[in-house]
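See below for the structure under consideration.
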Amino acid sequence: MTFVVTESCIACRYGDCVSVCPQNAFHEGPNFVVINPRACANCGLCEMVCPVNAIFAVADLPQDQRDCRELNAQLAAQWPVAVNTRPLDDADAHAFDKAKRDRLILQA
91 MTFVVTESCI ACRYGDCVSV CPQNAFHEGP NFVVINPRAC ANCGLCEMVC PVNAIFAVAD
151 LPQDQRDCRE LNAQLAAQWP VAVNTRPLDD ADAHAFDKAK RDRLILQA
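Per my numbering: the sequence shown = residues 91 to 198.
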């Protein structure tokens, strides 16, 4: 089992999860972070600290977020390992928005 970042993180990218990950499994894009499933230690620390409840164990993924598993794997292969991730400037304004997939920025 691994953990997956879902669309609730889009446009926020707080980064609390990055700071607690013992495996450096997070990869960072312009407005989203993802988990590299090959690097994830399955410890669950990231899920516990996420302020917007965007991280789930694969087995617990909501039905409408199941495609995020593949999205995390794809983007982790393209994006750099996350280091010192900080919230986006307007993260608080978007923290609990729903259906944010259309706001995902794939490239800088």
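Note that the Cβ used here is the ideal one computed from N, Cα and C, for glycine as well.
Query raised in the report: Would you report the Cα separation of residue 116 and residue 165, rounded to the nearest angstrom?
Result: 10 Å
Query - Segment limits, beta strand (DSSP E) that includes residue 160 - result: Note, residue 160: premise wrong, no beta strand (DSSP E); alpha helix (DSSP H) at 158 to 168.
**Report entry** Rounded C-alpha distance that separates residue 182 from residue 102
**Finding:** 7 Å
Query raised in the report: Taking Cβ positions, are residue 107 and residue 124 nearer each other than 8 Å?
Result: no
Query raised in the report: Where do the ends of the beta strand (DSSP E) carrying residue 183 lie?
Result: Segment 181 to 184 is the alpha helix (DSSP H) holding residue 183; no beta strand (DSSP E) there.
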